[in-house]
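S.K.: Same order as they appear, the protein sequences are chains A and B.
So the numbering used here is basically just the index in the first sequence, starting at one, shifted up by 22.
The numbers in the numbering used here rise by one with no breaks, and the one at position 46 of the second sequence is 45.
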Amino acid sequence: MIAVEFVLAGMLAAATPFLLAALGELVGERAGVLNLGVEGVMALGAAIAFIIVYHGGGHVAAFAGAGLAGVLLSLLFAFVALGLQANQVAAGLAIGILGQGLSALFGKTYESLTVKGLAKLAVPGLSDLPVVGGLFVQDSVVWLSLAGTLAIWAVFAFTKTGLVLRAVGENPKAAHSIGYPVIAIRVAAVAFGGMMSGFAGAYAATVYTPLWADGMIAGRGWIALALVVFGTWLTARIFWGACLFGAVSLAGLAAQAGGVELPSQLLASLPYLITIIVLGIISSNRRLLKLNGVASLGDPFKP
Amino acid sequence: MVAPLLSLRGISKRYGEVRANQAVDLDVAPRSIHAILGENGAGKSTLMKLIYGVETPDSGEMLWEGAPLALASPSAARRRGIGMVFQHFSLFETLTVIENIRLVVPGRTRTLVTRIRELGAEFGLEVDPYAHIHQLSVGERQRVEIIRCLMTDPKLLILDEPTSVLPPQSVSRLFDTLQRLRDGGVSVLFISHKLEEIRAICDHATILRAGQVTGHVDPREHDAHDLARMMIGRDMPEPPPKASAKPGETRLELIGLTYAPDDPFAMPLKNLALTLKAGEILGIAGISGNGQAELSELISGEIRLPLEQREQVQMMGEPVGHLGAADRRNLGFSFVPEDRLGRGAVQGMSLARNSLLTAHPLGLVRHGLIAMAQAADFTRRCIADHDVRTSGVEAEASGLSGGNLQKFIVGREMMLAPKLFFLAQPTWGVDIGAATTIRQKLVALRNQGVAILVISEEIDELFDICDRIQVLSQGRLSPSLEARRTRPEDIGRYMIGAGTPT
Chain A
23 MIAVEFVLAG
33 MLAAATPFLL
43 AALGELVGER
53 AGVLNLGVEG
63 VMALGAAIAF
73 IIVYHGGGHV
83 AAFAGAGLAG
93 VLLSLLFAFV
103 ALGLQANQVA
113 AGLAIGILGQ
123 GLSALFGKTY
133 ESLTVKGLAK
143 LAVPGLSDLP
153 VVGGLFVQDS
163 VVWLSLAGTL
173 AIWAVFAFTK
183 TGLVLRAVGE
193 NPKAAHSIGY
203 PVIAIRVAAV
213 AFGGMMSGFA
223 GAYAATVYTP
233 LWADGMIAGR
243 GWIALALVVF
253 GTWLTARIFW
263 GACLFGAVSL
273 AGLAAQAGGV
283 ELPSQLLASL
293 PYLITIIVLG
303 IISSNRRLLK
313 LNGVASLGDP
323 FKP
Chain B
0 MVAPLLSLRG
10 ISKRYGEVRA
20 NQAVDLDVAP
30 RSIHAILGEN
40 GAGKSTLMKL
50 IYGVETPDSG
60 EMLWEGAPLA
70 LASPSAARRR
80 GIGMVFQHFS
90 LFETLTVIEN
100 IRLVVPGRTR
110 TLVTRIRELG
120 AEFGLEVDPY
130 AHIHQLSVGE
140 RQRVEIIRCL
150 MTDPKLLILD
160 EPTSVLPPQS
170 VSRLFDTLQR
180 LRDGGVSVLF
190 ISHKLEEIRA
200 ICDHATILRA
210 GQVTGHVDPR
220 EHDAHDLARM
230 MIGRDMPEPP
240 PKASAKPGET
250 RLELIGLTYA
260 PDDPFAMPLK
270 NLALTLKAGE
280 ILGIAGISGN
290 GQAELSELIS
300 GEIRLPLEQR
310 EQVQMMGEPV
320 GHLGAADRRN
330 LGFSFVPEDR
340 LGRGAVQGMS
350 LARNSLLTAH
360 PLGLVRHGLI
370 AMAQAADFTR
380 RCIADHDVRT
390 SGVEAEASGL
400 SGGNLQKFIV
410 GREMMLAPKL
420 FFLAQPTWGV
430 DIGAATTIRQ
440 KLVALRNQGV
450 AILVISEEID
460 ELFDICDRIQ
470 VLSQGRLSPS
480 LEARRTRPED
490 IGRYMIGAGT
500 PT
């Protein structure tokens, strides 16, 4: 029972870095741009945010700085991949490596230092419930991320902005011929994705584990990318995928603490395995993939 | 004369070396249906893109209601009251009708739905606003495009080859819509290469040849011969003469061919049956998207059936449903796919190397190595025998015009001396001269005893060359119809799924 409480209480916070990065990537991919640089953008965002908090700038400034850094790095990607119509896969990988390099450079003198995280806010009443109470005690970023998830879902479901993004991703030629500025829309979507990746990195480094270590993003950007695809480009599925990932990684910790006799390497790889299996099964429906998939994903567009 | 709605003076546009439009003059009167007539590649589509603001002219001027017109984008054109329905629709398949319309027209969903219904009733353009585009037939998609244009209250509506995707019955419905639009005060620019259509509906016609205007006429005062002469610069070629068929042994048989694709946008095929004998041409009529692509891949071997279904496709008397493309070719089958660049030929490769793709069994490969001299020799013969206009065997496939590349591919496949020859859309985007050559070659091949299967959207072409015609509609194949005893309207009835069994 304690293990269940532990998992429920920590699940959302563990999921937040994946969720933020995956939502950002979702917006970019919906517009038809595959940005593989998420991991590097997160790493840069993490370093910038940590430095700002360490020097007393506070968390708001840290997230703003990380978001801005993410936007700038993504705009560099957009310039190469959309402006110069370079191969998106290659450009994304290169930008990712650049981001990780910059992160290591900026973070060099902060190795192993710690900062203070964020206070948790409880929902009155609900947080006193047995077992599930822990779900309702979260820091402000988690609450904002939940609101952001709903907002992004609503944008795709109800607004013209969402419609235009989907249209540009499905058939950029047609979108151009009816008069939409395809490249500008894609650049904006990529910039938004960069901002979200920056936030994700900032959360990982200054809230979730407020300690600097080089390489602390540790593949979370790649998992976020996988979540988008396995979640078949649907906001709700990406959210549940991120939660599942968070829950399974905490369950592994709980199992270790509870004395389960399994090699720690296996426990550590469990979240990756389970998330990939579950989402793999969900996304094996080809019909669904074709209907929700982004037809022009990764294709350069020349107006 | 009434002041024109749109005037073009000396409009020119070039793409690299190609002069798509040269000093084009054009006047479109208000309340008129104005035809732009020309062959494939005459520059019609380029001209429309200039008028719709997709491209900008290199020189010349455009006047809109007497004032100079400079368009930076299609949305600028729409604001002026110019709408366009593209030949390849600019619709989004995964979105619904209303979502597609909202992308262009501002307003609340509920008001838009009401307007869609009103316009539908007024102009004969009924369509379900909440349907997804990929569920709609081509005719319905065209209606969506036209409605989407009409909702911006255009004064000029441009339609690029609107009838090329429609069955004959829908064509008359479209014409009815266009006449109602004209009477409602909209001018229509109607692009086509079909002479009879233009004579049926248009008030004026401007004829283009090789990017230049060769005539401004009233199409009703000229017969099809005159128009053809202005369009192609000489008389319309005669259809190839045909001796009556002497069918021999069965070369291709489909027995209850059933195929369920797992791609939701593909058309499932249900219980198709056909028999094709040596020395005859069988045509498959119907609009693309009714299973044409699936059927052609099932016959060519690009899609293989599971072993237990292999009897459903038989070639030269053998079950081949489970065999791949190479095995089927080894039996004496050859194939011209509908897309020249990509499946028929590799665009970045020379013609000689493209010959190797299918003609390698004719001694073009020795001990596993390419015999370049033989390949070049084969290609030279193909170029000479099939009137391919090109700089030589080293020319890249992408450098040839559509017609010349198609002549090359058809020639290459003919030189394989097939027993069974299958062509999908053999004259798509091919100029009239090349199309006539290809048709004559097919008839000659039939007279030599080859079994020929042709999938085509062009009903006239099928009547010209086929002995029998079957119609593929909604994944079902009609019974076989004798071409000589069948009228185009009968074919049309099967195309819209209203055929009666014979």
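Ideal Cβ positions, reconstructed from N, Cα and C, are used throughout, including at glycine.
Since we're looking at a predicted model, the values are computed, not measured.
Of the choices B:305, B:28, B:118, B:280, whose alpha-carbon is the least far from that of residue 465 (chain B)?
M.R.: Ranking B:305, B:28, B:118, B:280 by Cα distance to residue 465 (chain B) puts B:280 first.
S.K.: Return the bridge partner residues of residue 20 (chain B) from the DSSP annotation.
M.R.: B:12
S.K.: Determine the chain A residues that contact residue 262 (chain B) at a beta-carbon separation under 9 Å, and present them in chain order.
M.R.: Taking a Cβ-Cβ cut-off of 9 Å, the neighbours of residue 262 (chain B) in chain A comprise 308, 309, 312, given in sequence order.
S.K.: By Cβ distance, which residues of its chain are closer than 7 Å to residue 500 (chain B), with the 5 residues on each side in sequence left out?
M.R.: No answer about residue 500 (chain B) holds up, because its pLDDT of 46 lies below 50 and its placement is not dependable.
S.K.: Can you have a look at residue 180 (chain A) and say buried or exposed, based on whether 16 or more other CB atoms are within 10 angstroms of its CB?
M.R.: Sixteen is the threshold: since fewer than 16 other Cβ atoms of the shown chains lie within 10 Å of the Cβ of residue 180 (chain A), the residue is exposed.
S.K.: In terms of alpha-carbon separation, which member of B:348, B:305, B:350, B:299 lies closest to residue 334 (chain B)?
M.R.: B:299
S.K.: Can you name the residues that DSSP bridges to residue 470 (chain B)?
M.R.: B:284
S.K.: Could you tell me the alpha carbon to alpha carbon distance between residue 104 (chain A) and residue 63 (chain A), rounded to whole angstroms?
M.R.: 18 Å
S.K.: Skipping 5 residues on each side, what residues in its chain have a beta carbon closer than 7 Å to that of residue 19 (chain B)?
M.R.: Cβ neighbours of residue 19 (chain B) beyond the five flanking positions: 12, 13, 42, 45, 210.
S.K.: So with CB distances below 7 Å, who are the chain B contacts of residue 200 (chain A)?
M.R.: Going along chain B in sequence order, the residues near residue 200 (chain A) (Cβ under 7 Å) are 73, 89, 102, 103.
S.K.: When the Cα atoms are used, what is the spatial distance from residue 317 (chain A) to residue 94 (chain B)?
M.R.: Looking at the two C-alpha atoms, the distance is approximately 12 Å.
S.K.: Which residue spans inside the segment 144-205 of chain B form an unbroken beta strand (DSSP E) run of at least 3?
M.R.: 155-159, 186-191
S.K.: Let me know if residue 258 (chain A) comes out buried or exposed under the rule of 16 or more other beta-carbons within 10 Å of its beta-carbon.
M.R.: exposed
S.K.: According to a CB-to-CB cut-off of less than 9 Å, which residues of the segment 161-194 of chain A neighbour chain B?
M.R.: 182, 185, 186, 188, 189, 192, 193
S.K.: Look up residue 208 (chain B) in the DSSP assignment and say whether it is helix, strand or coil.
M.R.: Here residue 208 (chain B) sits in strand by DSSP.
S.K.: Which of helix, strand or coil does DSSP assign to residue 353 (chain B)?
M.R.: In the structure shown, residue 353 (chain B) sits in a helix (DSSP, three-state: H, G or I).
S.K.: Measure from the alpha carbon of residue 271 (chain B) to the alpha carbon of each residue in B:254, B:260, B:277, B:264, then state which is nearest.
M.R.: B:254
S.K.: For residue 38 (chain A), I'd like the list of residues in its chain whose CB is within less than 6 Å of its CB, leaving aside the five on either flank, ordered along the chain.
M.R.: 164, 167, 225
S.K.: For residue 469 (chain B) and residue 258 (chain B), I'd like the C-alpha separation in whole angstroms.
M.R.: 18 Å
S.K.: Under the assumption that residue 427 (chain B) contacts residue 337 (chain B) (Cβ atoms under 8 Å), give the Cβ distance between them as a whole number of angstroms.
M.R.: 6 Å
S.K.: Output needed for residue 90 (chain A): all residues of its chain with C-beta closer than 6 Å, excluding positions within five of it in sequence on either side, in chain order.
M.R.: Within the same chain, residue 90 (chain A) has no close Cβ partners at all.
S.K.: Would residue 390 (chain B) be called buried (16 or more neighbouring beta carbons within 10 Å of its own) or exposed?
M.R.: exposed
S.K.: Decide if residue 55 (chain B) is buried, meaning its Cβ has at least 16 other Cβ atoms within 10 Å, or exposed.
M.R.: exposed
S.K.: Kindly indicate the opening and closing residues of the beta strand (DSSP E) around residue 269 (chain B).
M.R.: For residue 269 (chain B), the enclosing beta strand (DSSP E) begins and ends at 268-276.
S.K.: Residue 445 (chain B): which of B:75, B:99, B:246, B:168 sits nearest, CA to CA?
M.R.: B:246
S.K.: Which of the three DSSP states is assigned to residue 161 (chain A) in this structure?
M.R.: Taken through DSSP and simplified to helix, strand or coil, residue 161 (chain A) comes out as strand.
S.K.: With respect to the beta strand (DSSP E) encompassing residue 313 (chain B), which residues constitute its N-terminal and C-terminal limits?
M.R.: From DSSP, the beta strand (DSSP E) with residue 313 (chain B) extends over 312-314.
S.K.: In whole angstroms, what separates the C-alpha of residue 135 (chain B) from that of residue 121 (chain B)?
M.R.: 21 Å
S.K.: I'd like the span of the alpha helix (DSSP H) that includes residue 361 (chain B), first residue to last.
M.R.: No alpha helix (DSSP H) contains residue 361 (chain B), which DSSP labels as neither H nor E.
S.K.: Do we get a CB-CB distance below 8 Å when we pair residue 77 (chain B) with the residues of chain A?
M.R.: Cβ-Cβ to chain A under 8 Å: yes for residue 77 (chain B).
S.K.: In whole angstroms, give me the CA-to-CA distance for residue 49 (chain B) and residue 210 (chain A).
M.R.: About 29 Å.
S.K.: Please return the same chain residues whose Cβ sits closer than 6 Å to the Cβ of residue 342 (chain B), not counting the five positions on each side in sequence.
M.R.: 336
S.K.: Counting only C-beta atoms, is residue 96 (chain B) closer than 8 Å to chain A at any point?
M.R.: Not a single CB atom of chain A sits nearer than 8 Å to the CB of residue 96 (chain B).
S.K.: So residue 196 (chain A) contacts chain B; which residues on that side make the cut at Cβ distance below 7 Å?
M.R.: 89, 90, 91
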